[in-house]
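Line by line, the protein sequences give chains A and B.
Sequential numbering from 0 applies to the first sequence in numbering that gives the first Met the number 0.
Sequential numbering from 0 applies to the second sequence in numbering that gives the first Met the number 0.
Ideal Cβ positions, reconstructed from N, Cα and C, are used throughout, including at glycine.
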Amino acid sequence: MNNFAFRRTTTVADTIALMEPTAANRVIAGGTNLIDLLKYVVTEADLLVDINGIESMRTVDQLDQGGVRIGALLTNAQTAYHPIIETEYPLLSKAILAGASAQIRNMATNGGNLLQRTRCYYFYDPNAPCNKRTPGSGCSAVNGYNRIHAILGHSEQCIAVFPSDMCVALAALDATVNVVGPHGNRIIPFQDFHRLPGDTPHLDNNLQYDELITGIDLPKQGFGDYYSYLKLRDRSSYSFALVAVASAFTIEDGLIRDARIALGGVSHKPWRISEAEQFLIDKIPDRKYFETAAQMVTDGAVAFTHNKFKIDLAQRAIVRNCLMALNPKTQRPGAKPSL
Amino acid sequence: MSLFYRHFFLLATFNWKRMMNEKHTVSLRVNGKEQQLTLLPWVSLLDALREHLHLTGTKKGCDHGQCGACTVLVDGRRVLSCLTLAVMKEGATITTIEGLTTDDELHPLQQAFIKHDAFQCGYCTPGQICSALGMFAEGKACTREEVQELMSGNLCRCGANRGIIDAIMEVKKELYE
Ligand SMILES: Cc1cc2nc3c(=O)[nH]c(=O)nc-3n(C[C@H](O)[C@H](O)[C@H](O)COP(=O)(O)OP(=O)(O)OC[C@H]3O[C@@H](n4cnc5c(N)ncnc54)[C@H](O)[C@@H]3O)c2cc1C
Ligand code: SF4
Ligand code: FES
Ligand code: FES
Numbered sequence: 000m001n002n003f004a005f006r007r008t009t010t011v012a013d014t015i016a017l018m019e020p021t022a023a024n025r026v027i028a029g030g031t032n033l034i035d036l037l038k039y040v041v042t043e044a045d046l047l048v049d050i051n052g053i054e055s056m057r058t059v060d061q062l063d064q065g066g067v068r069i070g071a072l073l074t075n076a077q078t079a080y081h082p083i084i085e086t087e088y089p090l091l092s093k094a095i096l097a098g099a100s101a102q103i104r105n106m107a108t109n110g111g112n113l114l115q116r117t118r119c120y121y122f123y124d125p126n127a128p129c130n131k132r133t134p135g136s137g138c139s140a141v142n143g144y145n146r147i148h149a150i151l152g153h154s155e156q157c158i159a160v161f162p163s164d165m166c167v168a169l170a171a172l173d174a175t176v177n178v179v180g181p182h183g184n185r186i187i188p189f190q191d192f193h194r195l196p197g198d199t200p201h202l203d204n205n206l207q208y209d210e211l212i213t214g215i216d217l218p219k220q221g222f223g224d225y226y227s228y229l230k231l232r233d234r235s236s237y238s239f240a241l242v243a244v245a246s247a248f249t250i251e252d253g254l255i256r257d258a259r260i261a262l263g264g265v266s267h268k269p270w271r272i273s274e275a276e277q278f279l280i281d282k283i284p285d286r287k288y289f290e291t292a293a294q295m296v297t298d299g300a301v302a303f304t305h306n307k308f309k310i311d312l313a314q315r316a317i318v319r320n321c322l323m324a325l326n327p328k329t330q331r332p333g334a335k336p337s338l
Numbered sequence: 000m001s002l003f004y005r006h007f008f009l010l011a012t013f014n015w016k017r018m019m020n021e022k023h024t025v026s027l028r029v030n031g032k033e034q035q036l037t038l039l040p041w042v043s044l045l046d047a048l049r050e051h052l053h054l055t056g057t058k059k060g061c062d063h064g065q066c067g068a069c070t071v072l073v074d075g076r077r078v079l080s081c082l083t084l085a086v087m088k089e090g091a092t093i094t095t096i097e098g099l100t101t102d103d104e105l106h107p108l109q110q111a112f113i114k115h116d117a118f119q120c121g122y123c124t125p126g127q128i129c130s131a132l133g134m135f136a137e138g139k140a141c142t143r144e145e146v147q148e149l150m151s152g153n154l155c156r157c158g159a160n161r162g163i164i165d166a167i168m169e170v171k172k173e174l175y176e
């Protein structure tokens, strides 16, 4: 780690005052990603601002217009086990509990989860060229060992995936992100929060360095009846997704009225294709329609030397998870396949 | 309000690099004893325990959050001390493996680990035991499958996992059901 100064804050305003338009001054929340990156010297900082004293960012609040606001500083565990989240947003609860380990979920915060960086091994290795870490140096993964990398939305410059589980559920739920900066407040729809790599792979998302995430709003519709999160990985727990799927439906009179399908582990952001979801509306929940939707979600996928298996895996995972969503009680700990 | 602060700091052009070797005092209650440490900000809680308080029961496996060997209880919750900055835990109550024994009497989990052959080299054991205590307090694990899932943050390179889960299941049944 490089040497850095350290301060604690207890209000949003004091924190904003200490932040800079460059990455030199950083806030630290749970520390589970930032400390790791500092140890590898992938990230350096002049100042760390410990924001854990900001109590107003640690609550779960019902919103007047319906829906729920979860504070950015609430831990992933507090969020997943919160009675409102467990009963009204079980998809979010399951996705969070499929991530990392119990210890890490006790530390990791909701704000930090959105901002965690890729697990591309070359990004973590300061000796390897990497456009995300060192813009213009090249991408070691394109012609390297790219088994865990993207099949959708990648660019010549970067084929990394965004590793969060929680964010796959937040994308499916159409959450919004509340942000405060030196020029006031913004609300960012979840689909606009993370970016595709394009020719700016060093930018993971659209948050500015001097902005703070204060909370995440969940809309009223929580899909409490038909939902499922499926996570496929090399180890059955405590491992990042090769492919993850969040599926959620509302079903009336035997017909799908609302459908959500979001993929994780396959792109630089949670992947959703609204045409595929629209296709399912007013259909009966049947495997043959889920198969068509899976084709639509993965349309245009391009794989590399070592991750060709991901295209097939993603399609099957979507079908399997949509079927699992019809019977959510059968879900197993750790978002393993059920049925 | 925030605009005002911002301009104030820009005018001051504060250079944090000058503050980089500034130490901070931290008060921790470790295994029932008040401790005051003066630390540089990048010292992990793990290093503070091992190098500054000489409590070497907590182990450093990976130092990157990937093994669970460094698990301790902070205010009753299991966390990874390698990914925690000690200066961020001002006022916290810490329990390590050394804090579990009273008057030479082993904690029931320690006894169960011996009974069930739940270790070979023993390097992961302090973390396993602190993690299991944290899991009991959380109250979310009922079935063996749930216990396995919620203990997955503690790796055992010796592969003593079956014994570990057996020991935990037995103590869970005896003390918590
Ligand atoms: C071994 C291991 C396995 C893991 N496995 C998984 C997994 O399977 N699935 C998964 O989803 N995640 C996984 N994680 C990642 C983990 O979920 C993230 O590290 C965690 O969510 C980050 O939150 P934090 O509060 O610790 O962030 P920090 O490390 O404190 O911060 C991360 C970044 O966010 C910034 N930041 C934090 N809070 C705010 C805020 N409120 N406003 C503005 N900026 C902010 C910080 O400046 C920093 O740049 C794993 C992590 C580890 C170490
Ligand atoms: S895939 Fe992205 S993060 Fe990985 S080496 Fe290439 S540029 Fe870097
Ligand atoms: S030493 Fe902390 S998790 Fe390995
Ligand atoms: S007993 Fe050796 S690592 Fe678990």
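Determine whether the beta carbon atoms of residue i and residue j lie at a separation below 7 angstroms.
{"i": "Gly214/A", "j": "Asn177/A", "result": "yes"}
{"i": "Gly162/B", "j": "His106/B", "result": "no"}
{"i": "His201/A", "j": "Lys268/A", "result": "no"}
{"i": "Phe222/A", "j": "Leu114/A", "result": "no"}
{"i": "Tyr39/A", "j": "Tyr123/A", "result": "yes"}
{"i": "Leu245/A", "j": "Gly264/A", "result": "It is Ala, not Leu, that sits at residue 245/A in the sequence shown. Not closer than 7 angstroms, so no."}
{"i": "Val86/B", "j": "Val25/B", "result": "yes"}
{"i": "Cys129/B", "j": "Val71/B", "result": "yes"}
{"i": "Leu241/A", "j": "Leu229/A", "result": "no"}
{"i": "Ser227/A", "j": "Asn320/A", "result": "yes"}
{"i": "Cys138/A", "j": "Asn130/A", "result": "yes"}
{"i": "Gly30/A", "j": "Leu36/B", "result": "no"}
{"i": "Pro181/A", "j": "Ile15/A", "result": "yes"}
For the alpha helix (DSSP H) that residue i lies in, which residues bound it at each end?
{"i": "Asn20/B", "result": "No alpha helix (DSSP H) contains Asn20/B, which DSSP labels as neither H nor E."}
{"i": "Thr14/A", "result": "11–17"}
{"i": "Glu290/A", "result": "286–296"}
{"i": "Arg76/B", "result": "Note, Arg76/B: premise wrong, no alpha helix (DSSP H); beta strand (DSSP E) at 76–79."}
{"i": "Thr124/B", "result": "124–137"}
{"i": "Ser114/A", "result": "For clarity, residue 114/A is Leu in the given sequence; the question names Ser instead. Its alpha helix (DSSP H) spans residues 109–114."}
In angstroms, rounded to a whole number, what distance separates the CA positions of residue i and residue j?
{"i": "Ile250/A", "j": "Ile84/A", "result": "21 angstroms"}
{"i": "Lys35/A", "j": "Arg286/A", "result": "In the sequence as displayed, the identity of residue 35/A is Asp instead of Lys. Approximately 42 angstroms, taken between the alpha carbons."}
{"i": "Val160/A", "j": "Thr57/B", "result": "34 angstroms"}
{"i": "Thr117/A", "j": "Pro162/A", "result": "6 angstroms"}
{"i": "Met18/A", "j": "Ala140/B", "result": "41 angstroms"}
{"i": "Val29/B", "j": "Thr94/B", "result": "6 angstroms"}
{"i": "Asp60/A", "j": "Glu210/A", "result": "22 angstroms"}
{"i": "Pro134/A", "j": "Gln109/B", "result": "51 angstroms"}
{"i": "Thr175/A", "j": "Asn145/A", "result": "32 angstroms"}
{"i": "Asp49/A", "j": "Asp252/A", "result": "51 angstroms"}
{"i": "Ala28/A", "j": "Leu72/A", "result": "7 angstroms"}
{"i": "Ala97/A", "j": "Thr304/A", "result": "28 angstroms"}
{"i": "Ala111/B", "j": "Glu50/B", "result": "30 angstroms"}
{"i": "Ser1/B", "j": "Asp102/B", "result": "Low local confidence applies: a pLDDT of 46 at Ser1/B is under 50, so the model's placement there is unreliable, and no value is given."}
{"i": "Leu195/A", "j": "Ala247/A", "result": "24 angstroms"}
{"i": "Lys16/B", "j": "Asp13/A", "result": "20 angstroms"}
{"i": "Thr108/A", "j": "Gly75/B", "result": "18 angstroms"}
{"i": "His6/B", "j": "Asn14/B", "result": "Legend: pLDDT at His6/B = 49, less than 50; position of this residue unreliable, value from coordinates given subsequently. Taking the straight line joining both Cα atoms gives about 15 angstroms."}
{"i": "His153/A", "j": "Cys119/A", "result": "13 angstroms"}
Give every residue of the same chain whose Cβ lies closer than 8 angstroms to the Cβ of residue i, excluding the five residues on either side of it in the sequence, and list them in chain order.
{"i": "Ile164/B", "result": "Arg143, Val146, Gln147, Met150"}
{"i": "Val327/A", "result": "It is worth fixing the name first, because residue 327/A is Pro in this sequence and not Val. The residues are Pro89, Asp224, Tyr225, Tyr226, Ser227."}
{"i": "Gln34/B", "result": "Ser26, Leu27, Arg28, Leu52"}
Which two residues bound the contiguous beta strand (DSSP E) that contains residue i?
{"i": "Gln349/A", "result": "One cannot answer for residue 349/A here, as it falls past the ends of chain A, which runs 0 to 338."}
{"i": "Phe5/A", "result": "4–7"}
{"i": "Gly162/B", "result": "Per DSSP, Gly162/B belongs to no beta strand (DSSP E); it is in the alpha helix (DSSP H), 160–175."}
{"i": "Glu33/B", "result": "32–38"}
{"i": "Ser386/A", "result": "Here chain A covers residues 0 to 338 and nothing more, so residue 386/A does not appear."}
Using C-beta distances below 7 angstroms, list every residue in its chain close to residue i, excluding the 5 sequence neighbours before and after it, in chain order.
{"i": "Leu279/A", "result": "Ile255, Ala258, Tyr288, Ala292"}
{"i": "Phe3/A", "result": "Ala44, Asp45, Leu46, Leu47"}
{"i": "Ala149/A", "result": "Ile158, Ala159, Val160, Val265, Ser266, His267"}
{"i": "Lys93/A", "result": "Tyr228, Gln330, Ala334"}
{"i": "Glu276/A", "result": "Ala258, Arg259, Ile260"}
Residues in the same chain with beta-carbon distance under 6 angstroms from residue i, minus the five sequence neighbours each way, listed in chain order, please.
{"i": "Gln127/B", "result": "Asn153, Ile163"}
{"i": "Gly60/B", "result": "Cys66, Ala68"}
{"i": "Leu99/B", "result": "His106"}
{"i": "Met0/A", "result": "Leu37, Lys38"}
{"i": "Asp62/B", "result": "Cys81"}
* Tell me the start and end of each unbroken alpha helix (DSSP H) in the stretch 31–87 of chain A that is at least 4 residues and wholly inside, in chain order. => 33–38, 75–79, 82–87
* alpha helix (DSSP H) segments (min. 4 residues) lying fully within the stretch 164–217 of chain A -> 165–171, 189–192
* Within the stretch 247–330 of chain A, ranges of the alpha helix (DSSP H) (whole runs, at least 4 residues) -> 273–279, 286–296, 308–324
* Residues surrounding ligand 6 [beta-carbon distance to nearest heavy atom under 6 angstroms] -> Questions concerning ligand 6 fall outside what the structure shown contains, since the ligands it does hold are ligand 1, ligand 2, ligand 3 and ligand 4.
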